[in-house]
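Residue numbers (this note's numbering): 1125 to 1214. Note that beta-carbon positions come from the ideal geometry of N, C-alpha and C, so glycine has one too. The block underneath contains the structure these notes are about, expressed in structure tokens.
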Amino acid sequence: MTFLMHWSFKTGYHEIAAKKFLATGAPFPECKSWKRWHAPGSVEGWILVEAENADACYEHAAEWAECLDWEVTPVLSDEQAGPLIAKAYS
């Protein structure tokens, strides 16, 4: 499954999270793949995760919950969504 994880720094936690990120690299085990983006000049970013289930997303979010607020959304590609839309509207 693919998940889009949107994060934003909690007020007052930017420096703490930045130092933790620099020290650890914020690894994301238990995933097939993942890519992370940071929005320059803002306090938010996104991670696109390929994982068997939401467990890996939950674990990663929990590790960073002190510093970050999260929104995690399962997402589908056009190739995955197309047949479902066709089924719903046929």
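Note on TRP1161: under 16 other CB atoms within 10 angstroms of its CB, so exposed under the neighbour-count rule. Considering only ASP1202, LEU1172, HIS1138, HIS1184, the residue with the shortest C-alpha distance to PHE1152 is HIS1184. For SER1157, same chain residues with a beta-carbon under 7 Å away, outside a window of 5 residues either side, are GLU1174 in chain order. For GLU1154, the CB contacts under 6 Å within the same chain, skipping 5 residues up- and downstream, are ALA1180 in chain order. DSSP assignment within the segment 1152-1188 yields the following whole alpha helix (DSSP H) runs of 4 residues or more, N-terminal first: 1179-1187.
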